[in-house]
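Chemist: Numbering (my numbering), first residue to last: 13 to 290. Here a beta-carbon is modelled for each residue, glycine too, at the ideal position from N, C-alpha and C. None of these values were measured; they are calculated from a predicted model. Below: one structure in C-alpha cells.
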Ligand SMILES: [Zn+2]
Ligand SMILES: [Zn+2]
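In C-alpha cells:
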C-alpha cells in the first residue's frame, strides 16, 4: 500500500538537519529548522518501520519452516481426509478474513481518524486511486505487516510441537494443518494481491496458481477496482467472492445491518476522499 516516506532515502538527512551548538537554544525557530526536525522524525519513523518489517518477515518465515518440518515428520496417511479438510478450511477462512478486513476498511471509517485512519484505512483508499503503487513495493514492505499478524499463532504452534506428547500431536494434527494453512495464506495475502496487479514478468508458477484459482486471479480482482468498490472484497484466493457476488448481496446485507445499528452510511468518507484527490 502507499507509503508517505521513501524507504530508500531514510537516514540521509540525519546529520545535515540536526541543529548544533548554542544556535540550538538562542536562534529563532524558522520554517527550515521546523522542516529539518520533521525530516529527522519521518526518517526515524521510516527506519523503525523498516526494522519492524524485516524482523517480522525473518521470524515469520523461520516459524513457518520450523512448523512445516514438524508437520512433515508427524505425517500419517490415516489422517489424509482430515488433513485435506483442515487445509481447505484454513484457506477459505483466510479468504473470508481478507474480505472482511478489506470490506471494513473500504466501506467504513474515515482517513481523518487519529491513528487508525492514517495507518490503516488510508492505505486501502489510496490503493483505489493508484492500484499499481503496490507493485513498486519490495518483498519486505509488501509482506512485513501480515508477517507480524501471524507471528503469535505460528509461535504458539511451535511451542505445541516442543511441549506436547506424540499422542497429543497426532490427535491435534488436522487442527495444526488448519492453522498452518490459515497462517500461510494470511501471511501471503498482500503478496498475492500484488501479483494480481502485476501484468508483466510474473513467474510461470504464479500465473498457473492464478489460473487454477488457488490464488487471486488478475481478471477476478479487476472487478473490485470498478468504482464504487462495493464487491469482490476477498483478495487471498477470491473463491468466496465468487460465492458472494453482488446478486447474492452478502456485503450489501452486511452494510444494511451495520447502517441500521450505527446510523453510518457506507462509503460516505470514501466518496469525499476520492473527490478531494481529483
Ligand atoms: Zn478495495
Ligand atoms: Zn487491488
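How close, in whole Å, do the beta carbons of residue 103 and residue 193 come, if the pair is a contact with beta carbons under 8 Å?
Modeler: That belief holds up - the Cβ atoms of residue 103 and residue 193 are roughly 5 Å apart, short of 8 Å.
Chemist: What are the complete beta strand (DSSP E) segments, minimum 3 residues, inside the stretch 66-101?
Modeler: DSSP runs (the beta strand (DSSP E)) wholly in the stretch 66-101: none.
Chemist: Using the Cβ count rule (16 or more neighbours within 10 Å means buried), how would you classify residue 245?
Modeler: Per the 10 Å Cβ criterion, buried.
Chemist: On the three-state DSSP scale, how would you describe residue 219?
Modeler: It is helical.
Chemist: If you count every other CB in all the chains shown that lies within 10 Å of the CB of residue 281, and 16 or more means buried, which is it?
Modeler: By the neighbour-count rule (16 or more Cβ atoms within 10 Å), residue 281 is buried.
Chemist: Comparing C-alpha positions only, which one of 262, 266, 248 sits nearest to residue 100?
Modeler: Comparing Cα positions, the closest option is 248.
Chemist: Let me know the secondary structure DSSP gives residue 120 once reduced to three states.
Modeler: Three-state result, residue 120: coil.
Chemist: Hey, quick one: how far does the alpha helix (DSSP H) through residue 245 stretch, first residue to last?
Modeler: Run containing residue 245: none; DSSP gives neither H nor E here.
Chemist: Is the Cβ-Cβ distance between residue 186 and residue 95 less than 8 Å?
Modeler: Yes, the Cβ-Cβ distance between residue 186 and residue 95 is below 8 Å.
Chemist: Going by beta-carbon coordinates alone, are residue 2 and residue 106 separated by less than 8 Å?
Modeler: This structure does not reach residue 2, given that the chain is present from 13 up to 290, and the question cannot be answered.
Chemist: Just to check, is the beta-carbon of residue 143 closer than 7 Å to a non-hydrogen atom of ligand 2?
Modeler: Yes, Cβ of residue 143 sits closer than 7 Å to a heavy atom of ligand 2.
Chemist: What residue from 263, 70, 266, 269 has the CA that sits closest to residue 157's CA?
Modeler: Out of 263, 70, 266, 269, 70 has the C-alpha closest to the C-alpha of residue 157.
Chemist: So which of 88, 262, 169 has the shortest CA-CA distance to residue 196?
Modeler: The shortest Cα separation from residue 196 among 88, 262, 169 belongs to 169.
Chemist: Please identify the residue among 276, 279, 269, 64 whose C-alpha is closest to the C-alpha of residue 155.
Modeler: Per the Cα distances, 64.
Chemist: Relative to the C-alpha of residue 260, which candidate in 271, 242, 119, 270 has its C-alpha closest?
Modeler: Out of 271, 242, 119, 270, 242 has the C-alpha closest to the C-alpha of residue 260.
Chemist: Ligand 2 heavy atoms versus the CB of residue 139: any closer than 7 Å?
Modeler: Within the cutoff, so yes.
Chemist: Kindly provide the ranges of any alpha helix (DSSP H) runs that are 4 or more residues long and lie completely inside the stretch 117-181, ordered along the chain.
Modeler: Runs found: 134-141, 151-161, 163-175.
Chemist: Using 8 Å as the threshold, is the stretch 265-273 in touch with the stretch 132-142, meaning 3 or more CB pairs across them?
Modeler: No: fewer than three Cβ pairs fall under 8 Å.
Chemist: Checking 8 Å against the spacing of the C-beta atoms, do residue 152 and residue 205 come in under that value?
Modeler: Cβ atoms of residue 152 and residue 205: not closer than 8 Å.
Chemist: Since I believe residue 79 is in contact with residue 173 (beta carbons under 8 Å), could you give me their beta-carbon distance rounded to a whole number of angstroms?
Modeler: Contact holds; Cβ gap of about 7 Å.
Chemist: Could you tell me the distance, in whole angstroms, from the CA atom of residue 223 to the CA atom of residue 250?
Modeler: Distance between the alpha carbons of residue 223 and residue 250: 12 Å.
Chemist: Buried or exposed for residue 77, please, with buried defined as at least 16 other CB atoms from any protein chain shown within 10 angstroms of its CB.
Modeler: So residue 77 counts as exposed.
Chemist: Can you check which of these residues, 97, 68, 118, 209, is closest to residue 162 by C-alpha distance?
Modeler: Per the Cα distances, 68.
Chemist: Does ligand 2 have even one heavy atom less than 7 Å from the beta-carbon of residue 149?
Modeler: No.
Chemist: Mapping the DSSP letters down to three states, classify residue 188 as helix, strand or coil.
Modeler: The answer is helix: DSSP assigns residue 188 an H, G or I state.
Chemist: Quick check: the Cα distance between residue 125 and residue 148, rounded to an integer number of angstroms?
Modeler: Roughly 27 Å between the two C-alpha positions.
Chemist: Does residue 267 come out as helix, strand or coil in the three-state DSSP assignment?
Modeler: Here residue 267 sits in helix by DSSP.
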